[in-house]
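Chain order of the listed sequences is A and B.
Residue numbers for the first sequence follow our numbering, beginning at 97 and rising by one.
Residue numbers for the second sequence follow our numbering, beginning at 97 and rising by one.
Read the structure below first, then the notes.
Number of protein chains: 2
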Amino acid sequence: MTTIKDIARIANVSVATVSRVANKGPKVGDKTRLRVQKLMDDMGYKPNANARALVTNTNTTIGVIVPDISDPFFAALAQGVDNIARENKMQLLISTCSIDAESEKNAINLLQERQCRSIIFHSKKMSDDELAHLCASIPGLILINRNIEAYPERCIWLDNIEGGKIAARHLASLNHKNIACISSKYEIEDPADRLKGFVDELSLHQLTMNSELIVYCAPNQLGGEEAAQQLISSGKGFTSIFVYNDAMAIGAISTLEDNGIRVPRDVSIIGFDDVLLSQYSRPKLTTLAYPIVQMAEDAARLSIQLIADENPKSSKNRYLPRLIRRESTADC
Amino acid sequence: MTTIKDIARIANVSVATVSRVANKGPKVGDKTRLRVQKLMDDMGYKPNANARALVTNTNTTIGVIVPDISDPFFAALAQGVDNIARENKMQLLISTCSIDAESEKNAINLLQERQCRSIIFHSKKMSDDELAHLCASIPGLILINRNIEAYPERCIWLDNIEGGKIAARHLASLNHKNIACISSKYEIEDPADRLKGFVDELSLHQLTMNSELIVYCAPNQLGGEEAAQQLISSGKGFTSIFVYNDAMAIGAISTLEDNGIRVPRDVSIIGFDDVLLSQYSRPKLTTLAYPIVQMAEDAARLSIQLIADENPKSSKNRYLPRLIRRESTADC
DNA sequence: GTGAAAGCGCTAACAC
DNA sequence: GTGTTAGCGCTTTCAC
Chain A
97 MTTIKDIARI ANVSVATVSR VANKGPKVGD KTRLRVQKLM DDMGYKPNAN
147 ARALVTNTNT TIGVIVPDIS DPFFAALAQG VDNIARENKM QLLISTCSID
197 AESEKNAINL LQERQCRSII FHSKKMSDDE LAHLCASIPG LILINRNIEA
247 YPERCIWLDN IEGGKIAARH LASLNHKNIA CISSKYEIED PADRLKGFVD
297 ELSLHQLTMN SELIVYCAPN QLGGEEAAQQ LISSGKGFTS IFVYNDAMAI
347 GAISTLEDNG IRVPRDVSII GFDDVLLSQY SRPKLTTLAY PIVQMAEDAA
397 RLSIQLIADE NPKSSKNRYL PRLIRRESTA DC
Chain B
97 MTTIKDIARI ANVSVATVSR VANKGPKVGD KTRLRVQKLM DDMGYKPNAN
147 ARALVTNTNT TIGVIVPDIS DPFFAALAQG VDNIARENKM QLLISTCSID
197 AESEKNAINL LQERQCRSII FHSKKMSDDE LAHLCASIPG LILINRNIEA
247 YPERCIWLDN IEGGKIAARH LASLNHKNIA CISSKYEIED PADRLKGFVD
297 ELSLHQLTMN SELIVYCAPN QLGGEEAAQQ LISSGKGFTS IFVYNDAMAI
347 GAISTLEDNG IRVPRDVSII GFDDVLLSQY SRPKLTTLAY PIVQMAEDAA
397 RLSIQLIADE NPKSSKNRYL PRLIRRESTA DC
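As structure tokens, then:
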């Protein structure tokens with residue numbers, strides 16, 4: 097690798113001058129500047145970002161910690177962060193973790209060692225306490241999809257309870273009375289919140305959930321198929337299903353249709369997330385959009401403001417899902 | 097930030113000793129090691145990776161350049177690279193670029209400045225010549241989805257022509273005679289290759305493509321809908337369609353069904369890519385799987401071998417798509 | 001306008 | 001087993 101010294105030696109100037117040229121700094125004679133610039137270009141000189149970061153104590157990476165970058169949801173998250181990173185001429189350092197606290201800690205550590213000041217962290221396993229400690233020691237740390245008491249201003253989260261309510265209102269407005277739920281048997285918090293909001297809101301409409309019409313399966317397409325099968329086998333009548341996420345909803349639809357139950361003619365389905373595939377499915381899925389890109393963008397902006405020591409403008413921390421009416425729900 | 101000096105001063109040892117402890121190096125007394133270790137833990141000391149990289153001249157990042165991480169295809173690519181990165185205790189530095197040569201160059205530059213030796217580059221705009229130059233100066237550079245003459249051993253690519261042939265054989269084996277194509281009006285190379293392979297193979301089966309049955313639209317769902325509409329309006333009869341990608345295929349199916357044409361009863365559809373959504377669609381899409389995760393993993397492995405100066409084992413550079421038979425194609 | 005020199009945090013000889 | 005020191009590539013004072 098060509099270094100600043102090489103350039104200086106060959107150009108017969110000091111490293112200080114080369115540095116000035118490289119940084120488009122002031123006080124360099126035009127002829128010197130041109131000569132040095134040309135040499136840098138010719139020799140393909142690239143300033144060593146590590147050395148530069150070391151001396152300037154600055155950092156142009158923004159860290160993202162997610163369990164799985166290929167999941168469309170996390171990919172969208174990364175995209176949102178990247179949008180803001182690019183605006184600020186920063187780059188994304190991705191640190192993937194497994195779904196356990198140890199691995200999450202490890203991911204944070206790696207980013208810290210790399211002097212990453214801005215970190216967007218999707219943590220599902222570390223405790224509130226541990227996260228609070230991290231928030232204390234890392235000023236640019238933003239938690240996404242968490243809401244911890246000690247640092248609400250560092251959290252960007254979706255109101256799942258309200259999401260459940262929105263779904264309930266939608267189905268109630270379509271006059272559904274016999275309503276089923278397909279929930280997730282993993283990831284305790286989100287499904288529970290969605291369900292809670294849903295049930296609470298139903299009761300405001302003088303509707304009650306028959307607990308036998310709530311089934312718990314794996315939060316993917318297969319789980320949705322299984323869940324629908326269980327609901328059908330139960331023999332209980334229902335005219336609509338609130339499903340934990342879109343993947344399950346699509347699985348459920350496929351099983352229903354295979355059993356001669358048409359969606360939405362016989363049964364209405366509402367999903368959650370509005371991932372890409374919800375608009376590709378047939379019928380197109382009515383669902384609640386999770387504004388993850390916007391949330392990630394806001395998280396990144398907030399983080400950058402925090403490390404710049406700007407008084408972060410009163411930031412928005414709680415986000416609401418939005419009802420996307422498509423074709424899988426209909427009047428009862 | 098706590099530095100090695102702080103620890104050394106407080107522990108009353110030299111920085112060398114602290115360094116040894118931090119790196120679990122040899123020749124440190126047990127009591128000293130314990131004492132220093134405790135202090136590091138207590139003070140939350142994290143070795144500065146920049147400084148370390150500067151002096152050891154090593155690097156633990158693997159760069160990935162893609163136009164858009166939220167695209168499921170590129171997300172899968174990143175995932176594949178990350179799988180190998182983790183195995184090697186490296187991290188992903190993502191550099192996104194727009195679809196123009198300038199921005200691609202810029203992305204490469206950024207990674208180089210960060211001393212990134214391993215780079216997986218998805219370039220669609222830079223010329224073969226420019227890429228060849230880069231390959232010459234960056235030993236760990238791997239081009240994914242390109243095949244340049246000067247550096248075939250640095251390229252990992254999918255044989256789109258063969259993909260077209262596989263599709264043709266499949267439809268021919270189902271006795272289809274009147275075959276249509278939906279291709280992409282952008283991204284010249286891949287669609288052209290797929291089409292070429294397809295048409296070539298058909299002729300081996302004494303089948304010819306009616307050029308009026310080839311339509312070009314945007315490579316997304318909407319484009320697929322449009323394309324199907326055009327095919328229907330043309331009045332030409334056809335019993336199957338080879339579609340450029342899955343998103344278009346799903347759009348096409350939806351338009352066909354809206355027009356009372358059942359898939360696969362009336363028309364068979366074969367897509368390309370096997371992205372997530374192909375198995376969620378109804379009917380489930382028959383398609384050609386693009387082994388992008390495996391390709392990305394192999395690319396990352398190859399890159400790491402190259403910078404380790406290992407004689408890379410005769411590597412595989414050309415990959416074949418694989419036919420995934422689902423429900424959208426049937427006997428004619 | 002240019003250069004000399006200090007020092008960012010760390011590792012790795014080398015000395016003891 | 002531990003300390004001293006040079007130096008990685010760079011920026012940034014401070015002289016001149």
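Glycine included, each C-beta is placed from N, C-alpha and C at the ideal position.
Predicted, not measured: the structure shown is a model, and the values here were computed from it.
Chain B residues whose Cβ lies nearer than 8 Å to that of residue i
| i | result |
| --- | --- |
| Asn144/A | Leu150, Glu209 and Gln211 |
| Gly140/A | Ser233 |
| Ser166/A | Pro168, Ala171, Ala172, Ala174, Gln175 and Val389 |
| Asn205/A | Lys142 |
| Asp255/A | Those do not exist, as Asp255/A stays about 23 Å from chain B at its closest Cβ, beyond 8 Å. |
| Asp178/A | Ile165, Ile190 and Thr192 |
Assigned secondary structure, residue i (DSSP; H/G/I helix, E/B strand, else coil)
| i | result |
| --- | --- |
| Ser223/B | coil |
| Asp516/A | Shown here, chain A extends from 97 to 428; a query on residue 516/A therefore has no answer. |
| Ala404/A | coil |
| Phe294/A | helix |
| Phe368/B | coil |
| Ser191/A | strand |
| Ala276/B | strand |
| Ile180/A | helix |
| Cys313/A | strand |
| Ala426/B | coil |
| Ser329/A | helix |
| Ile165/A | coil |
| Ile447/B | Residue 447/B lies beyond the range of chain B shown here (97 to 428); nothing can be said about it. |
| Ser399/A | helix |
| Val124/B | coil |
| Gly159/A | strand |
| Phe334/B | coil |
| Gly339/B | Note on residue identity: the sequence assigns Val, not Gly, to residue 339/B. Strand, per DSSP. |
| Ile284/A | coil |
Buried versus exposed, by CB contacts within 10 Å (16 or more), residue i
| i | result |
| --- | --- |
| Gly347/B | buried |
| Met136/B | buried |
| Asp370/B | buried |
| Glu308/A | exposed |
| Arg250/A | buried |
| Asp126/A | exposed |
| Asp394/A | buried |
| Val151/B | exposed |
| Glu198/A | exposed |
| Tyr282/B | exposed |
| Asn407/B | exposed |
| Met391/A | buried |
| Pro168/A | buried |
| Ala171/A | buried |
| Ser223/A | exposed |
Test item: CB-CB of residue i and residue j under 7 Å
| i | j | result |
| --- | --- | --- |
| Leu381/A | Pro417/A | no |
| Asn274/A | Phe334/A | yes |
| Ser336/A | Ser374/A | no |
| Glu245/A | Lys221/A | no |
| Arg213/B | Asn155/B | yes |
| Arg116/B | Val124/B | yes |
| Ile91/A | Ala263/A | Residue 91/A cannot be examined here, being either before or after the span of chain A that is shown, 97 to 428. |
Where residue i meets chain B, residues with beta-carbon distance less than 7 Å
| i | result |
| --- | --- |
| Ile346/A | Tyr376 |
| Leu373/A | Leu372, Leu373 and Tyr376 |
Within chain A, partners of residue i - CB distance below 9 Å
| i | result |
| --- | --- |
| Leu189/B | Thr157, Gln187, Leu188, Leu189 and Ile190 |
Closer than 6 Å: residue i CB and nearest the ligand ATP heavy atom
| i | result |
| --- | --- |
| Ala348/B | The model on display carries no ligand, and the ligand ATP is accordingly not part of it. |
Where residue i meets chain A, residues with beta-carbon distance less than 7 Å
| i | result |
| --- | --- |
| Gln317/B | Tyr376 |
| Ala147/B | Leu150 |
Within chain B, partners of residue i - CB distance below 9 Å
| i | result |
| --- | --- |
| Arg182/A | Thr192 |
| Ser350/A | Tyr376, Arg378 and Lys380 |
| Leu237/A | Those within 9 Å of Leu237/A in chain B number zero; the least Cβ separation is about 14 Å. |
(message) Below 8 Å, how does it come out for the segment 215-231 of chain A and the segment 156-164 of chain A: are there three or more Cβ pairs, yes or no?
(response) yes
(request) Please confirm if the segment 138-151 of chain B is in contact with the segment 347-356 of chain B, defined as three or more CB-CB distances below 8 Å between the two stretches. (result) no
(message) Pairs of beta-carbons, one from the segment 284-292 of chain A and one from the segment 353-361 of chain A, closer than 8 Å: are there three or more?
(response) no
(request) Kindly confirm or deny that the segment 175-192 of chain A and the segment 190-204 of chain B touch, where touching means at least three C-beta pairs closer than 8 Å. (result) Output reads yes: the segment 190-204 of chain B touches the segment 175-192 of chain A.
(message) Check whether the segment 300-319 of chain A and the segment 231-246 of chain A touch, using three or more Cβ-Cβ pairs below 8 Å as the test.
(response) no
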